[in-house]
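If you're matching positions, the sequence shown starts at 25 in my numbering and goes up one per residue.
Written out below as structure tokens is the structure these notes cover.
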Amino acid sequence: MESPTPTQQSSSVGASWGAFLKSIASFNGDLSSLTAPPFILSSTSLTEFSSYWCEHPSVFAAPAKESDPAKRALLVLKWFLTTLKQQYASRSEQYGNEKKPLNPFLGELFLGKWEDDAGTTELISEQVSHHPPATAYNITNIPSGVRLEGYNAQKASFSKTINIKQIGHAVLTVPAPSAEEPDVFLITLPSLHIEGLIFGSPFIELDGSSYITSSTGFTAKVDYSGKGWLSGKKNSFTATLFPTGRERDVLFNVSGQWTKSFEIHSGPAKYNAKDNLVEAWDPLPLSELIVAPLEKQHPMESRRAWSKVAAAISKVDLDTVSLEKGKIENAQREMRTKERTKGSTWQRRYFTAQNDTTDPILKMLGPAVGLTENGDADKTGGLWRFDLEKSNRARNEPPLSGEEADEVAKEMLGQ
Ligand code: HC3
Numbered sequence: 025m026e027s028p029t030p031t032q033q034s035s036s037v038g039a040s041w042g043a044f045l046k047s048i049a050s051f052n053g054d055l056s057s058l059t060a061p062p063f064i065l066s067s068t069s070l071t072e073f074s075s076y077w078c079e080h081p082s083v084f085a086a087p088a089k090e091s092d093p094a095k096r097a098l099l100v101l102k103w104f105l106t107t108l109k110q111q112y113a114s115r116s117e118q119y120g121n122e123k124k125p126l127n128p129f130l131g132e133l134f135l136g137k138w139e140d141d142a143g144t145t146e147l148i149s150e151q152v153s154h155h156p157p158a159t160a161y162n163i164t165n166i167p168s169g170v171r172l173e174g175y176n177a178q179k180a181s182f183s184k185t186i187n188i189k190q191i192g193h194a195v196l197t198v199p200a201p202s203a204e205e206p207d208v209f210l211i212t213l214p215s216l217h218i219e220g221l222i223f224g225s226p227f228i229e230l231d232g233s234s235y236i237t238s239s240t241g242f243t244a245k246v247d248y249s250g251k252g253w254l255s256g257k258k259n260s261f262t263a264t265l266f267p268t269g270r271e272r273d274v275l276f277n278v279s280g281q282w283t284k285s286f287e288i289h290s291g292p293a294k295y296n297a298k299d300n301l302v303e304a305w306d307p308l309p310l311s312e313l314i315v316a317p318l319e320k321q322h323p324m325e326s327r328r329a330w331s332k333v334a335a336a337i338s339k340v341d342l343d344t345v346s347l348e349k350g351k352i353e354n355a356q357r358e359m360r361t362k363e364r365t366k367g368s369t370w371q372r373r374y375f376t377a378q379n380d381t382t383d384p385i386l387k388m389l390g391p392a393v394g395l396t397e398n399g400d401a402d403k404t405g406g407l408w409r410f411d412l413e414k415s416n417r418a419r420n421e422p423p424l425s426g427e428e429a430d431e432v433a434k435e436m437l438g439q
């Protein structure tokens, strides 16, 4: 038998579940290097995951209508909690089907929009770093001006199971009614681990705490408890909102399951808190993200770029999966070699890494939530911020002709 080509080695497909479990026990922390069994391969790239932040655009935009800063902070907390189900449990209709997403290539894009009663909300997601892998995103609800930007990477380790620490953060900007300056909210990302691995039915459980702190002086802390000792239910959490630095002066408390429903109460948590119920949340139908048809997409857009791999995954045609993945990986390697020879770097289309290591938002709000001023730039290939100038340039570019698109696909993706 011929020995595998570098392409086959790097394309991590195949392996039985037993071999997979063995490989994760000696795992080096690089999630993309895991050789997963065919049934656990997903045809969705991680660049698509940015859309999970906004599948209820009206909840995303709601804080802009609230004039009281504390209630605005509560609406931001509510929106954040409503995103968790999409972010961490939506890929499996039932528990136990969390798959291995496609590992995005540098410059990969995922663009879309939502059109609903909140008006138009635009999504831009770009793979801004490959080593280490990091994805950046910008989501704007046009009528309200509410805007979320952020970037994230994952650091994985193995102890009993796969544990993932999320690196990066998000910043939500909310124009406040009749205020000159918008409110700014700095959001940290929860840690997670994979459960059900041993039974071949992986699903995510969140752990630890995450925070949201605002320029108006309010902080929310969310504690994730899994099968909570209080409720005994999966995906449990409790959250409190308080004036920054005064954690005991709880203005609102929220509790429930992030996959199901939760209740918001005023004041601190009590055993019998029916009287101070502010709102009960039950998941709403999602607003559908609109993505251009493949032939209208830029060749670097995720679904177009990965279309052959995705088709092969759905047919469980592993040879073609390896071949098509390998073409992209090899073309990308060649691009990086060419850049090194020329002394150039890949120009990100929508985001720019901040060179000064003190970001004003992180400087102002970072200490309240334990984030450093450089946004862990060394672990995410940079401190990434949305670049409006670049975005306007991209928006005004004429679409590529068929020939130009073919050239880009050949050079960048080997297709
Ligand atoms: C860990 C994860 C990749 C990262 C995913 C992230 C953290 C990406 C950012 C999103 O905003 C939130 C999010 C949700 C799910 C996270 C994925 C779950 C599983 C995947 C691993 C790379 C796959 C591990 C393989 C297997 C078979 C155990 O599922």
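Cβ coordinates follow ideal geometry from the N, Cα and C atoms, glycine included.
- Taken in chain order, the unbroken stretches of alpha helix (DSSP H) that lie wholly in the region 45-114 and span 4 residues or more are 81-85, 93-113.
- The beta-carbon separation of Gly169 and Pro199, rounded to 4 Å, stays under the 8 Å limit for a contact.
- In the DSSP assignment, Asp140 forms a beta bridge with Gly143.
- At a Cβ-Cβ threshold of 8 Å, Phe261 and Val246 count as neighbours.
- Thr164 is classed as buried because its beta carbon has at least 16 other beta carbons within 10 Å across all chains shown.
- Under the DSSP assignment, Leu216 falls in the beta strand (DSSP E) whose first and last residues are 215-219.
- DSSP lists Ile236, Leu265 as the bridge partner or partners of Ala244.
- With a cutoff of 7 Å, Asn187 does not count as near the ligand HC3, since its C-beta is closer than that to no heavy atom of the ligand.
- Under the Cβ criterion (8 Å, minimum of three pairs), the region 149-167 counts as touching the region 63-82.
- With contacts defined by Cβ atoms closer than 8 Å, Val315 and Gly192 do not form a contacting pair.
- Ranked by how close their Cα comes to the Cα of Leu437, the residues Lys414, Glu348, Ser234 have Glu348 in first place.
- By the criterion of a C-beta distance shorter than 7 Å, Gly53 is surrounded in its chain by Lys179, Ala180, Ser181, once the five residues flanking it on both sides are discounted.
- Relative to the Cα of Thr145, the nearest Cα in the group Trp77, Glu132, Pro156, Leu126 belongs to Trp77.
- DSSP, reduced to helix, strand and coil, places Ala43 within a helical segment of the structure shown.
- Exclusion of Gln110 from the 7 Å shell around the ligand HC3 follows from its C-beta lying no nearer than that to any non-hydrogen atom of the ligand.
- A Cβ-Cβ separation of about 5 Å places Gly250 in contact with Glu229 under the 8 Å criterion.
- Here the alpha carbons of Ser238 and Pro292 stand approximately 20 Å from one another.
- Judged by DSSP secondary structure, Ala158 falls outside any alpha helix (DSSP H) and instead within the beta strand (DSSP E) spanning 158-165.
- With a threshold of 16 other beta carbon atoms within 10 Å, Leu308 falls short and is exposed.
- Around the beta-carbon of Val340, fewer than 16 other beta-carbon atoms lie within 10 Å, marking it exposed.
- Taken through DSSP and simplified to helix, strand or coil, Ala180 comes out as strand.
- For Val274, the CB contacts under 8 Å within the same chain, skipping 5 residues up- and downstream, are Thr264, Leu265, Phe266, Gly291, Pro292, Ala293 in chain order.
- Only exposed fits Arg270, as fewer than 16 other CB atoms lie within 10 angstroms of its CB.
- The secondary-structure analysis by DSSP pairs Ser279 across a beta bridge with Thr262, Glu287.
- One Cα belongs to Arg372, the other to Asn300, and the distance between them is close to 49 Å.
- As a beta-bridge residue in DSSP terms, Gln151 pairs with Thr159.
- Contact between the region 200-211 and the region 85-102 is present, with at least three C-beta pairs closer than 8 Å.
- Per DSSP, reduced to three states, the secondary structure at Gln356 is helical.
- Boundaries of the alpha helix (DSSP H) harbouring Asp430: 426-437, taken from the DSSP string.
- Contact annotation, Thr283 with Val393: C-beta distance approximately 24 Å; criterion of less than 8 Å not satisfied.
- Within its own chain, the residues whose Cβ lies closer than 7 Å to the Cβ of Lys124, once the five positions on either side in sequence are excluded, are Leu58, Ala60, Ile64, Leu65, Ser66, listed in chain order.
- In its chain, beyond the 5 residues on either side, Ser75, Gly136, Ile163 have a beta carbon closer than 6 Å to the beta carbon of Leu147.
- Between Thr71 and Gln190 a beta carbon distance of about 16 Å is seen, past the 8 Å cut, so the two are scored as non-contacting.
- Closer than 7 Å to some heavy atom of the ligand HC3: that does not describe the Cβ of Tyr175.
- Within the same chain, Cβ atoms closer than 8 Å to the Cβ of Thr369 are found at Glu363, the five residues on either side in sequence being excluded.
- Out of Asn277, Leu318, Gln110, Arg171, the CA that lies nearest to the CA of Arg409 is found in Arg171.
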